[in-house]
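Using the working numbering, read the sequence shown as starting at 42 and increasing by one per residue. Even glycine gets a Cβ: it sits at the ideal position worked out from N, Cα and C. First the structure, in the form of structure tokens, and then the observations on it.
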Amino acid sequence: MSWTRPADLRAQVQRLWERGELLRASVTETIEWPLRLTLKAPAAADLAERFEAVRDWVQALAATPQVRIEWRERTHRVQGRQRLPAAVWVDSLEAALAFVGKTRQVEHYRRLWQWTGTAQPALLPWLTRRPLQALELADRWERLLAVVAWLQAHPRPGLHLRQVDLPGVDSKFIEAHRGVLAEWLDLALPPEAIDAAATGVAQFTRRYGFLDKPIRIRFRLLDPSLPSLPGCRDLPDITLDAASFAALALPVERVFITENETNFLAFPPMPRALVLFGAGYGWEALAGAAWLHRCVLHYWGDIDTHGFAILDQLRGHFPQAASFLMDRETLLAHRPLWGEEPQPARHDLPRLTPEEAALYDDLRLDRIRPGLRLEQERVGFGWLMERLGPSSR
């Protein structure tokens, strides 16, 4: 039997709650009352074949609180005149809330609405769109509003998050709530206080004019004759912020980029060369170094689809970049060390050379072996030295 039970009626109202519609209706006229609920009632044949079940169903529905039943009399040839539910209504928001036990939550939401309407009326559309999230944030509401007010008073402050001095607010609080604060600030701040080009949670600081943590670039000089930092000997491992790296004036001709720290540390000496550890910073950080564009760049990544995708991205900033040890010969020479790539890329990569593109197609189309991968640290050191040639020492 698929007749509507009291639990089904409650589930219909519960869905209105879960979609935020009951909360919205508590501050705006988004639901027209009374609200008719969906009712699937017994058919005429059920009165004859399942009369006891129909009678129990009617009694259960009649005992359901917070709903109003519209009745209809039906005369059955066997059972005679019967009074059956024809429609079920919820007459008011208060009845709907009581039905699903959410009266207290709506009281909290209305207080948030009134509070926000006084302090930051520009945020009311957000409360309408995300009422359930507003309830989740209720215990932090005052502090979140304080951050918005602070930025209104100090647009594009040019400070670190740590320097926002508000009761109960520290940099961790702001970082933990960047998503909601970004939505609020976009509503509450004037356009000139927002860097529209900076999008996503990761660019929160840039979007609203805070100082960001400097991107740090790690590199090793491969030639002991190159000028280095005072006190450094041999081939130092150096880390600089991106601005300082861009300002270097080294007589470097070749730059190797590797994604693997072991390869970075073990890379052999080379005249007029250095090696970069590409540990996750965007290529934009390197693109700001004008001197780097004059160098011969070699990118050494994994021989898998994502390795070639990273190479393709690098060429968006450095068209002259060449792949290094990412060729078919290297792949086939290390067959016993092959691994598996969990989620291969499948999209086209327009910046690959014909040879690279042919190998990439073989990988993404599983022509050699499904999910084939050769990680860069598995390439033999002797193979590396041979490819570097006599210039390596």
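Residue 188 has its alpha-carbon roughly 44 angstroms from the corresponding atom of residue 296.
Non-local C-beta neighbours of residue 364 in its own chain, meaning closer than 7 angstroms and more than five positions away in sequence, comprise 340, 352, 397, ordered along the chain. Within the same chain, no residue comes within 6 angstroms of residue 368 by CB-CB distance, once the 5 residues on both sides are set aside.
Annotation: the region 109–190 contains the following complete segments of the beta strand (DSSP E) (minimum length 3 residues), in chain order: 109–117, 121–131. Checking the DSSP bridge columns, you'll see residue 259 partnered with 280, 318.
Look at residue 212 here: in three-state DSSP terms it is helix.
Residues 338, 340, 355, 356 of the same chain have their beta carbon placed closer than 6 angstroms to that of residue 362, with the five preceding and five following residues left out of the count. Close CB contacts of residue 185 within its chain, under the 8 angstroms cut and outside five residues either way in sequence, are with 178, 218, 221, 222, 225 (chain order). Annotated three-state conformation of residue 296 is strand, per DSSP. In the structure shown, residue 250 adopts coil according to DSSP, grouped into three states. For residue 380, the three-state secondary structure derived from DSSP is strand. Cβ-Cβ distances below 8 angstroms link residue 277 to 261, 262, 269, 270 in the same chain, with the five nearest sequence neighbours on each side left out; the list follows chain order. Check the Cα spacing between residue 410 and each of 123, 67, 291, 382: the tightest is with 382. If you compare the alpha carbons of 241, 244, 249 with that of residue 233, the shortest gap goes to 249.
Around residue 235, the same chain offers 226, 227, 248, 249 as residues with beta carbons nearer than 8 angstroms, after the five sequence neighbours per side are excluded.
The Cβ-Cβ distance between residue 386 and residue 422 does not fall below 9 angstroms.
Inter-residue distance for residue 168 and residue 327 is about 42 angstroms (C-alpha atoms, whole angstroms).
If you check the CB distance, residue 123 and residue 111 do not come in under 9 angstroms. Judged by DSSP in its simplified three-state form, residue 43 adopts coil rather than helix or strand.
The three-state reading of DSSP puts residue 72 in coil, since its state is none of H, G, I, E or B. Counting every other CB atom within 10 Å of its CB across the protein chains shown gives residue 416 a total of 16 or more, marking it as buried.
Counted as a single uninterrupted DSSP element, the alpha helix (DSSP H) harbouring residue 225 occupies residues 219–229. Around the C-beta of residue 146, 16 or more other C-beta atoms lie within 10 Å, and the residue is accordingly described as buried. Between residue 137 and residue 76, the C-beta spacing is below 9 angstroms. In the DSSP assignment, residue 341 falls within the beta strand (DSSP E) that extends over 337–341. The C-beta distance from residue 173 to residue 61 rounds to 5 angstroms, short enough to meet the 8 angstroms contact threshold. Using a Cβ distance threshold of 9 angstroms, residue 230 and residue 202 do not count as a contacting pair.
Note on residue 67: 16 or more other CB atoms within 10 angstroms of its CB, so buried under the neighbour-count rule. When the beta-carbon positions are compared, residue 152 and residue 129 stay at least 9 angstroms from each other. Here residue 163 has 228, 229 as same chain residues with Cβ atoms under 8 angstroms from its own Cβ, once five neighbours each way along the sequence are excluded.
The three-state reading of DSSP puts residue 363 in strand, counting E and B together.
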